Amino acid sequence: MLGLLTFVNMCNKNILFDDRSIIHYIILIIVSTTAFTMGQNEWVQLHDDPEFTISGVAQFNNGYIVVHDNKIMGQARVSFINNKNEFNQLVWPQNTLPYDLEGLARLPDSENQFIMMESTGTCYRVLIDSAHFKITIINIFELPMLKEDMNLEGINVFKNDSYYKIAYGDRGSNIKESILFTADYNPSTDSISNIDTYTINLPQPEYHKRNIADLAIDNRSILWTSATSDPGDNGPFETVLYKLGEFNPAGKFSQYKNNKSSFSFSGQKVEAMVFYKSQLILMTDNENFGSTFYALDISPLK
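Rendered as structure tokens:
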């Protein structure tokens, strides 16, 4: 589990204390900090540099592989975050770098193979060496049935019995509904078939909305989305998590008719999610404010 690196005071107000109030306030800080460092779920600052904001995450090697949505040559594309919150930037094996990586999914039954998705729908099937963190590109393929005005931000792959399913989605906006794609996926050839589409238009956030900033599938085959408010590089950001629907044992997706939010977070733009044990791991692209991390305990939902 990622540890704590920073404790941030989010308040910026002038408050007058008497002596007793000051002592009481100091005690509260000590008590709350002690509980915080002993594992209480709180947002943790991972990196202050906008170059290392996070747009996709997958569990790997006692840590996490993450992708960055950078577009400029020389900027980071892929990193490994260890259990001390330390970033190790991985070297892309080609001179031409990916453009705007927005999604990441680890292949089922594999510890070191991943699909990394550009916002255009171009996908890189890669293998990452767990000893030296060397990236090897296995295949490059395009997601089907996309339109030119789409901007993809969510992808996930899972195995249900003998079925491999893939889900990917256009982020949408306040004036443009998102399109969710679900399909059969063949890991031998990276071919995608039997595609179904669903319209997604969530009620929240109210302004600067993106319906799909990332997609994650839990152990009950329920598909989750991170819906965000993104007014610009300086925020203010907001994230609302929704359950979009579920896959049955045969791999058929059923969309929920009533979208009720499960969790919401102000000041954070979650663009990376992965279920790990009893937690939903959340990481952010907070633009000029860098990236943060949160381990959401979902055991009460089971």
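Numbering (my numbering), first residue to last: 35 to 336. Ideal placement from N, C-alpha and C gives every residue a C-beta, glycine not left out. Since this is a predicted model, take the numbers as computed values, not measurements.
Self-check item: First and last residue of the uninterrupted beta strand (DSSP E) at MET317
Solution: For the purposes of this step, residue 317 is identified with residue 283 of the sequence shown, where counting begins at 1. Residue range 313-318 is occupied by the beta strand (DSSP E) that includes MET317.
Quiz item: In three-state DSSP terms, what is ASN95?
Solution: By one-based count along the sequence shown, residue 95 stands at place 61. In the three-state reduction of the DSSP assignment, ASN95 falls in the coil class.
Practice problem: Could you spell out where the beta strand (DSSP E) holding HIS166 opens and where it closes? | Solution: Here residue 166 refers to the residue found at position 132 of the sequence shown. Element bounds for HIS166: n/a, residue is neither H nor E.
Quiz item: Apart from the five residues on each side of it in sequence, which residues of its chain come closer than 8 angstroms, Cβ to Cβ, to VAL125?
Solution: Within the sequence shown, residue 125 is the residue found at index 91, counting from 1. Contacts found: LYS168, ILE169.
Quiz prompt | Residue nearest to SER260 in terms of C-alpha spacing, selected from SER300, LYS291, THR223, ASP224 | solution = Here the question's residue 260 lines up with position 226 in the sequence shown. Measuring from the Cα of SER260, the nearest candidate turns out to be SER300.
Quiz item: Does the separation of the CB atoms of GLY137 and ASP248 fall below 8 angstroms?
Solution: Taking the sequence shown and counting its residues from 1, the one referred to as residue 137 is at position 103. Taking the sequence shown and counting its residues from 1, the one referred to as residue 248 is at position 214. In this structure, ASP248 lies closer than 8 angstroms to GLY137 by Cβ.
Self-check item: Run of the beta strand (DSSP E) containing ASP83, from where it starts to where it stops
Solution: Here residue 83 refers to the residue found at position 49 when the sequence shown is read from its first residue. Run containing ASP83: none; DSSP gives neither H nor E here.
Quiz item: Between the beta-carbon of PRO283 and the beta-carbon of ASP195, is there less than 8 angstroms?
Solution: In the sequence shown, counting from the first residue as 1, residue 283 sits at position 249. In the sequence shown, counting from the first residue as 1, residue 195 sits at position 161. Taking 8 angstroms as the Cβ cut-off, PRO283 and ASP195 qualify as a contacting pair.
Practice problem: Indicate the three-state DSSP secondary structure (helix, strand or coil) for GLU152 in the structure shown. | Solution: Position 118 of the sequence shown holds residue 152. Strand at GLU152.
Quiz item: By DSSP, does SER255 sit in helix, in strand, or in coil?
Solution: Within the sequence shown, the letter at position 221 stands for residue 255. SER255 falls in the coil class under three-state DSSP.
Exercise. Might you give, ordered along the chain, the residues of its own chain that have their beta carbon closer than 7 angstroms to the beta carbon of PHE121, omitting 5 neighbours on each side?
Key: Translated into positions along the sequence shown, residue 121 becomes position 87. Closer than 7 angstroms at the Cβ level, and outside the excluded window around PHE121, lie HIS81, PHE86, SER113, ILE115.
Self-check item: Which residues DSSP lists as bridging ARG244, in chain order
Solution: Indexing the sequence shown from 1 puts residue 244 at position 210. Answer is THR262.
Quiz item: Does the beta-carbon of ALA306 have 16 or more other beta-carbons within 10 angstroms, so that it is buried, or is it exposed?
Solution: The residue labelled residue 306 in the question sits at position 272 within the sequence shown. By the Cβ neighbour-count rule, ALA306 is buried, with 16 or more other Cβ atoms within 10 Å of its own.
Practice problem: Give the secondary structure of GLU280 by DSSP, where H, G and I count as helix, E and B as strand, and everything else as coil. | Solution: Residue numbering aside, residue 280 sits at position 246 when the sequence shown is read from its first letter. Reduced to three states, the DSSP call for GLU280 is strand.
Quiz item: Which residues in the same chain as LYS105 place their Cβ atom closer than 8 angstroms to its Cβ, once the five residues preceding and following it in sequence are excluded?
Solution: The residue labelled residue 105 in the question sits at position 71 within the sequence shown. Cβ within range, chain order: TYR133, ASP134.
Quiz item: Can you check whether the CB of VAL78 is closer than 8 angstroms to the CB of SER89?
Solution: The residue you call residue 89 lines up with position 55 of the sequence shown. The residue you call residue 78 lines up with position 44 of the sequence shown. Not a contact, by the Cβ cut-off of 8 angstroms.
Practice problem: Compute the Euclidean distance between the alpha carbons of ASN228 and LEU236, then round it to the nearest angstrom. | Solution: Residue mapping note: residue 228 aligns to position 194 of the sequence shown, counting from 1. Residue mapping note: residue 236 aligns to position 202 of the sequence shown, counting from 1. The alpha-carbon atoms of ASN228 and LEU236 are separated by roughly 25 angstroms.
Quiz item: Once you ignore the five residues that flank ILE189 on each side, which residues in its own chain have a CB closer than 6 angstroms to its CB?
Solution: Here the question's residue 189 lines up with position 155 in the sequence shown. Cβ within range, chain order: GLY137, ALA139, MET151, TYR202.
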